[in-house]
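Have a look at the structure below before the remarks.
Protein chains: 2
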Amino acid sequence: MMINFTPGPSQLYFTVEGHMRKAFREGVPSLSHRTSAFEQISRHATEGLKSLLNIPADFHVFFTGSATEIWERCIQNLVENYSLHLVNGAFSKRFYEIAGQLNKTAHRVEAAAGQGFSELPRVETTPELIALTHNETSTGVSLALPLLHQFRDQFPQSLIVVDAVSSLPYPQFDYSKIDSVFFSVQKGFGLPAGLGVWVVNDRCIAKAEALLSKGVSIGTYHNLPTLLANAKKHQTPETPNVLAIYLLGKVIEDFQRRGIQVLRKETEYKAAILYQALKAHPLVNPFVTDPTYQSKTVLVAETGSHTESITRHLINNGLHPGDGYGDRKKSQLRFANFPTHSKETFERLVDVLNSIT
Amino acid sequence: MMINFTPGPSQLYFTVEGHMRKAFREGVPSLSHRTSAFEQISRHATEGLKSLLNIPADFHVFFTGSATEIWERCIQNLVENYSLHLVNGAFSKRFYEIAGQLNKTAHRVEAAAGQGFSELPRVETTPELIALTHNETSTGVSLALPLLHQFRDQFPQSLIVVDAVSSLPYPQFDYSKIDSVFFSVQKGFGLPAGLGVWVVNDRCIAKAEALLSKGVSIGTYHNLPTLLANAKKHQTPETPNVLAIYLLGKVIEDFQRRGIQVLRKETEYKAAILYQALKAHPLVNPFVTDPTYQSKTVLVAETGSHTESITRHLINNGLHPGDGYGDRKKSQLRFANFPTHSKETFERLVDVLNSIT
Chain U
1 MMINFTPGPS
11 QLYFTVEGHM
21 RKAFREGVPS
31 LSHRTSAFEQ
41 ISRHATEGLK
51 SLLNIPADFH
61 VFFTGSATEI
71 WERCIQNLVE
81 NYSLHLVNGA
91 FSKRFYEIAG
101 QLNKTAHRVE
111 AAAGQGFSEL
121 PRVETTPELI
131 ALTHNETSTG
141 VSLALPLLHQ
151 FRDQFPQSLI
161 VVDAVSSLPY
171 PQFDYSKIDS
181 VFFSVQKGFG
191 LPAGLGVWVV
201 NDRCIAKAEA
211 LLSKGVSIGT
221 YHNLPTLLAN
231 AKKHQTPETP
241 NVLAIYLLGK
251 VIEDFQRRGI
261 QVLRKETEYK
271 AAILYQALKA
281 HPLVNPFVTD
291 PTYQSKTVLV
301 AETGSHTESI
311 TRHLINNGLH
321 PGDGYGDRKK
331 SQLRFANFPT
341 HSKETFERLV
351 DVLNSIT
Chain C
1 MMINFTPGPS
11 QLYFTVEGHM
21 RKAFREGVPS
31 LSHRTSAFEQ
41 ISRHATEGLK
51 SLLNIPADFH
61 VFFTGSATEI
71 WERCIQNLVE
81 NYSLHLVNGA
91 FSKRFYEIAG
101 QLNKTAHRVE
111 AAAGQGFSEL
121 PRVETTPELI
131 ALTHNETSTG
141 VSLALPLLHQ
151 FRDQFPQSLI
161 VVDAVSSLPY
171 PQFDYSKIDS
181 VFFSVQKGFG
191 LPAGLGVWVV
201 NDRCIAKAEA
211 LLSKGVSIGT
221 YHNLPTLLAN
231 AKKHQTPETP
241 NVLAIYLLGK
251 VIEDFQRRGI
261 QVLRKETEYK
271 AAILYQALKA
281 HPLVNPFVTD
291 PTYQSKTVLV
301 AETGSHTESI
311 TRHLINNGLH
321 PGDGYGDRKK
331 SQLRFANFPT
341 HSKETFERLV
351 DVLNSIT
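Those sequence lines, one after another, are chains U and C. The first sequence stops at residue 357 when you use my numbering, and every number in between is there. The second sequence stops at residue 357 when you use my numbering, and every number in between is there.
Right, dumping it as structure tokens:
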């Protein structure tokens, strides 16, 4: 059996197929979303998520089609004029570009590829929204939590929005320091793609309502007031991906059974042994060299001219690495380190890498 | 086993569970969408759809999160100022309201509940977009194809956009008379919810490009030029609902094996026997009385004070009707007539209804 290390869609969490069969037995795929049975499913997933990640009661959980959609909805609902983006790779850059496409003035501070941020940016105007990417999937660079949590005090008027698409459930955010966080389910949660999860606090709701009352268009079925009015009834404005919401609730249950602290410790152990192997290896290196910036959940190897042969060797051993992103497709490999990837799998990955000389 | 007649999400097409198991065996749920394997899946679904529905080559097929999303994308991409909406129920009204939420000037011509349209509307300004709802799911009213096909000649400058959410694959549109049509997969295609399908011609693409060049925001990842650039490579801008696209391709194959003309004939037969039963029944009536307006795919029964007892009787016989919509929840029942509902199932539904006196 091939183990998939691509950073999303990635290896399914090992319980998903069983949950899918149960969903069919229970009639979930043909369940009307305007029923109390659906509301139970929706409530189970959102309450489970808040409990798993220790999200405070004054935050709300909304479902979208993708995390890409959430980039767009953040700008529509939370920005009248001016957003600030910390850009250190293709995905944080895309969030920045989306603001421009929606006719907002977007500014960016940029780090070189493989580099992260070590200090707060200096700006002349207070941004309405500050977009932080906790884990840049294209480069394997993380924004360290101590720095991420400093933005609130420096920018008390700004909404702090965190893209945690490829890091949750690993990071333990201090939710008093951020206003919104989002992810998609096909990465750390090990589910089939097709669902984005958007967590916002009441400051975000108030901002969207203020824009609306000024006559700014904040979108339609997925604007924050509409999402909130529906979520209060454990409902959604449109017919959602019911099956994905059901599966999310089930996988969260599985995560809770193992314990979030166990998942976090294992993530750190697996990251440590792989970074150590990459550093010690004669043919490869970690792309991100500064440990402060090294992602724990998407690890990128600089494999240079050995990329193809290493890929072949890994695949022959049942281990499917992710390609490097964009321009670095032929010179890097990426390894997702999600809850579905067991310690044994990572030990095996390290052994196989070490056998290549 | 309970047969689900709710008009969406509805009864799954009977082959779906088997296709889902095969998808898991083939690794589809964890497949990266940036692979040629995904491109094959996407191509199979879009080419299958065009072949099944006889859609001309100059139309493009795009995937969204829902049909609700497509309402929003239609207005964003195809309207600078003014759209016209034929409204005859809750869903056509929602499309109209979305135009207003996006700060466009939307006009509507409205039919009473249970009534349809018998002539072209008269307007003073040429609408950029005319929104037609082929099948209003809330009331079971259809727009007759001969009338639907007259709009093009009367409004040659307008884009004719058809909501066929709860009627496709049944209607045989003349694609030279319309510019766009859309649906969601949890109705006629018998799939789990979580995917909208948007079909547009090059006039729509040109309109979106013209708006963009004037500085009008047409959205971001799901604007028409971006969708088209990706679709040309059988790709999507975001990580899509890969599993749903796979299942859609498989169900389309099944439909093609049975033959679209067989499906259409069966739809007409099933509709005929149920309308006949409703008309002859001592306790119920068809809500839509004029045969010109009677939907073939969502049939609505006026059940008045007998609604609860009829519902109970049907459920006791393994037949789950859909509730009436909105205000008519306690006085009507709705019956979906989709390809998954066999002739035998409809004959049984009629027998059970007739046994209630």
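Heads up, the beta-carbon is just placed ideally off N, CA and C, and yes, glycines get one too.
Residue i, enclosing alpha helix (DSSP H) - first and last residue
i	result
ARG122 (chain C)	Where ARG122 (chain C) is concerned, there is no enclosing alpha helix (DSSP H), given that its DSSP letter is neither H nor E.
HIS134 (chain C)	It is not in any alpha helix (DSSP H) - HIS134 (chain C) carries neither H nor E in the DSSP assignment.
GLN261 (chain U)	260–280
HIS19 (chain U)	16–25
HIS107 (chain C)	No alpha helix (DSSP H) holds HIS107 (chain C); the beta strand (DSSP E) holding it covers 105–110.
VAL350 (chain C)	343–354
ALA90 (chain U)	90–101
ARG312 (chain U)	307–316
LEU228 (chain U)	224–231
LEU358 (chain C)	Residue 358 (chain C) is absent from the structure shown; chain C starts at 1 and stops at 357.
GLN76 (chain U)	67–78
PHE182 (chain C)	Note, PHE182 (chain C): premise wrong, no alpha helix (DSSP H); beta strand (DSSP E) at 180–184.
LEU147 (chain C)	145–148
Residue i versus the options, residue with shortest Cα-Cα distance
i	options	result
LEU84 (chain U)	U:ARG264, U:HIS320, U:PRO127 and U:GLY114	U:PRO127
ASN2 (chain C)	C:PRO321, C:GLU347 and C:LEU353	One detail in the question is off: residue 2 (chain C) reads as Met in this sequence, not Asn. Cα-wise, what sits closest to MET2 (chain C) is C:PRO321.
VAL185 (chain C)	C:PHE63, C:ASN230, C:LEU129 and C:VAL87	C:PHE63
LYS222 (chain U)	U:ARG25, U:GLU17, U:ASN54 and U:ASN77	Before going further, note that residue 222 (chain U) is His rather than Lys in the sequence given. The shortest Cα separation from HIS222 (chain U) among U:ARG25, U:GLU17, U:ASN54 and U:ASN77 belongs to U:ASN77.
ALA301 (chain U)	U:ASP254, U:LYS343, U:GLY140 and U:PHE151	U:GLY140
VAL358 (chain U)	U:TYR82, U:ASN103 and U:GLY100	Limits of chain U in this structure are 1 at one end and 357 at the other, which puts residue 358 (chain U) out of reach.
ASP327 (chain U)	U:ILE315, U:GLY89 and U:ALA231	U:GLY89
LEU49 (chain U)	U:TYR170, U:ILE98 and U:ILE70	U:TYR170
PHE59 (chain U)	U:THR46, U:GLU69 and U:GLY304	U:THR46
VAL200 (chain U)	U:LYS279, U:LYS232 and U:VAL161	U:VAL161
PHE173 (chain U)	U:GLN261, U:GLU80, U:ALA99 and U:LEU53	U:LEU53
THR104 (chain C)	C:LEU263, C:VAL216, C:LYS22 and C:HIS341	First, the amino acid is wrong: residue 104 (chain C) is Lys here, not Thr. Per the Cα distances, C:VAL216.
PHE335 (chain U)	U:THR137, U:SER92, U:SER118 and U:LEU211	U:THR137
THR292 (chain U)	U:LYS22, U:GLY304 and U:TYR275	U:TYR275
GLU344 (chain C)	C:ARG21, C:SER355 and C:ILE273	C:ILE273
ASN317 (chain U)	U:LEU212, U:LEU349 and U:THR267	U:LEU349
PHE24 (chain U)	C:GLU26, C:THR289, C:GLY18 and C:GLU308	C:GLY18
LEU333 (chain U)	U:LEU228, U:TYR269, U:ARG312 and U:LEU12	U:ARG312
LEU143 (chain U)	U:SER167, U:ILE260, U:LYS214 and U:LYS279	U:SER167
GLY27 (chain U)	C:PHE255, C:SER32, C:PRO156 and C:VAL16	C:VAL16
LEU12 (chain U)	C:HIS341, C:GLY8, C:PHE189 and C:SER32	C:SER32
ARG108 (chain C)	C:ASP153, C:ALA99 and C:ASP163	C:ALA99
ALA67 (chain U)	U:MET20, U:PHE182 and U:PRO282	U:PHE182
GLU209 (chain C)	C:LEU227, C:GLY194 and C:TRP198	C:LEU227
HIS281 (chain C)	C:HIS306, C:LYS265 and C:PHE151	C:HIS306
Counted within 10 angstroms of its Cβ, other Cβ atoms place residue i as buried (16 or more) or exposed
i	result
PHE14 (chain U)	exposed
ARG258 (chain C)	exposed
GLN294 (chain U)	buried
SER92 (chain U)	buried
GLU119 (chain U)	exposed
GLY304 (chain U)	exposed
PRO192 (chain U)	buried
ASP179 (chain U)	buried
LYS296 (chain C)	buried
THR289 (chain C)	exposed
ILE218 (chain U)	buried
PRO225 (chain U)	exposed
ASP163 (chain C)	buried
Boundaries (first-last residue) of the beta strand (DSSP E) holding residue i
i	result
TYR82 (chain U)	82–87
ALA57 (chain C)	Counting along the chain, ALA57 (chain C) falls outside any beta strand (DSSP E), and DSSP gives it neither H nor E.
ILE160 (chain C)	159–163
ASN201 (chain C)	196–201
TYR334 (chain C)	According to the sequence displayed, residue 334 (chain C) carries Arg and not Tyr. Here the beta strand (DSSP E) through ARG334 (chain C) covers 332–336.
LEU299 (chain C)	298–302
Validate contact between the stretch 34–43 of chain U and the stretch 235–254 of chain U using beta carbons, cut 8 Å, 3 pairs: Using a C-beta cut-off of 8 Å, the stretch 34–43 of chain U makes contact with the stretch 235–254 of chain U, since at least three inter-stretch Cβ pairs fall below that distance.
What residues in the stretch 79–94 of chain U have a beta carbon less than 9 Å from any beta carbon of chain C? Across the stretch 79–94 of chain U, CB contacts with chain C closer than 9 Å involve ARG94, in sequence order along the chain.
What residues in the stretch 227–245 of chain U have a beta carbon less than 8 Å from any beta carbon of chain C? From the stretch 227–245 of chain U, only PRO237, GLU238, THR239, PRO240, ASN241, VAL242, LEU243 and ALA244 have a Cβ closer than 8 Å to chain C.
Do the stretch 249–265 of chain U and the stretch 67–77 of chain C make contact, defined as three or more Cβ pairs closer than 8 Å? Between the stretch 249–265 of chain U and the stretch 67–77 of chain C there are fewer than three inter-stretch CB-CB distances shorter than 8 Å, so the stretches are not counted as touching.
Listed in chain order, which residues of the stretch 161–176 of chain C have Cβ atoms closer than 7 Å to some Cβ of chain U? Per Cβ criterion, the list is empty.
Near-chain U residues of the stretch 263–290 of chain C - C-beta to any C-beta below 7 Å: Of all residues in the stretch 263–290 of chain C, none has a Cβ within less than 7 Å of some Cβ in chain U.
Where the stretch 115–149 of chain C meets chain U: residues whose CB sits under 9 Å from a CB there: Cβ contacts with chain U: none found.
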